[in-house]
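One point on numbering: in our numbering, the residue at position 143 of the sequence shown is 137, and numbering is uninterrupted.
Heads up: the structure comes next, in structure tokens.
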Amino acid sequence: MKREDLLWTLVGLSFVHGYLAGNVFSALFGLGISGYIIYSQRRFNPKVEVSKVFEGRLEEGKRSRVVLKVKNLGSAVKVKVREEVPRGVKVEIPEEVGLRPGEETFIEYFITPENKGEYELLTKVYVYDTSGLYFEEINLGKYKIDVFPSVDSIREAAREEYNLRLGEVYKKSIFLGLESMEFYGLREYSPGDDLRRIDWKASSRLGRLILREFLKEKESDVYIILDATKEMRKGIRQA
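What follows is the structure, given as structure tokens:
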């Protein structure tokens, strides 16, 4: 129930109580409240100009300031800002601000995007009379922000990618062996080979892409077989 409806209900109850109980003070109390409601309604003349300044390109995890320029061209009012944000965006809204007739002020608040991407936000400004009975809503419309990765997240992503590549190299080395710096030979290029290992001199001479190969070091078992038969003992002198 709105405050105005609640007060009108109280006015009605006061008149009924005054009539039934013969109490003139209850009727006067209801009359006073009704006069206050009518006075507040006629005095409320909201004429507010609002403009917004914000950054369209933000960095994830960092606070960004939004500034509203508010100018009051009507009666004394209280102004409150509401920002409708999607999931993944935090907003710090200030307390309501009072404005006298003709007064101008700047309202600052902050938004913090938690993840990169594109987000759509909606700003609304509520203008209340000083008693809080009446208000007017000003819709500033939707606006978009582009959130880019932070330096820390880029560094972390690069570290993860490096670890993944290192893991792939380790897996390959288990089955194929690690390449050494010792040259092994040349072969024709195949799709998927490392372009950094192309021998351009040999390629230009032969008219096709030629790749350099190096010897691979591979861990494997070594077996030593000892033959202890009589044939192997020939020529051995006993002391």
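Virtual Cβ for every residue (Gly too), placed ideally from N, Cα, C.
Here the structure is a predicted model, which is why all the values come from computation and not from measurement.
Between residue i and residue j, what straight-line distance do the alpha-carbon atoms span, to the nearest angstrom?
{"i": "S45", "j": "V64", "result": "7 Å"}
{"i": "I219", "j": "E154", "result": "47 Å"}
{"i": "E90", "j": "R59", "result": "17 Å"}
{"i": "L22", "j": "A15", "result": "13 Å"}
{"i": "Y128", "j": "V42", "result": "15 Å"}
{"i": "L158", "j": "G186", "result": "18 Å"}
{"i": "N133", "j": "G12", "result": "44 Å"}
{"i": "Y217", "j": "A152", "result": "43 Å"}
{"i": "S197", "j": "V145", "result": "41 Å"}
{"i": "Y33", "j": "G26", "result": "11 Å"}
{"i": "G6", "j": "Q35", "result": "18 Å"}
{"i": "L203", "j": "E176", "result": "21 Å"}
How about residue i and residue j: are their beta carbons less than 8 Å apart?
{"i": "I105", "j": "K84", "result": "yes"}
{"i": "G126", "j": "E108", "result": "no"}
{"i": "Y120", "j": "E131", "result": "yes"}
{"i": "P88", "j": "Y103", "result": "yes"}
{"i": "Y183", "j": "F208", "result": "no"}
{"i": "E78", "j": "L116", "result": "yes"}
{"i": "L180", "j": "D188", "result": "no"}
Which whole-angstrom value is the C-beta distance of residue i and residue j, which I expect to be below 8 Å?
{"i": "P143", "j": "E49", "result": "Going by Cβ atoms, the distance from P143 to E49 rounds to 16 Å, so no, they are not a contact pair."}
{"i": "V75", "j": "L93", "result": "Going by Cβ atoms, the distance from V75 to L93 rounds to 13 Å, so no, they are not a contact pair."}
{"i": "G111", "j": "V141", "result": "6 Å"}
{"i": "K136", "j": "E150", "result": "Wrong, their Cβ atoms sit about 32 Å apart, outside the cutoff."}
{"i": "S28", "j": "S20", "result": "Contact doesn't hold; Cβ gap of about 13 Å is too wide."}
{"i": "I139", "j": "L200", "result": "Not quite, the Cβ-Cβ distance comes to about 56 Å (not below 8 Å), so this is no contact."}
Which residue wins for smallest C-alpha separation from residue i, given the options the options?
{"i": "G68", "options": "F38, R57 and S147", "result": "F38"}
{"i": "R190", "options": "A196, R202, R206 and E176", "result": "R206"}
{"i": "N66", "options": "T99, G186 and A21", "result": "T99"}
{"i": "S147", "options": "K56, G24, G26 and P40", "result": "K56"}
{"i": "R97", "options": "L0, N17 and P40", "result": "Arg is not the amino acid found at residue 97; the sequence shown has Glu there. With distances taken between Cα atoms, E97 lies closest to P40."}
{"i": "V73", "options": "L25, R36 and K118", "result": "K118"}
{"i": "I31", "options": "T124, V10, T223 and V47", "result": "T124"}
{"i": "T3", "options": "G24, Q35 and E176", "result": "G24"}
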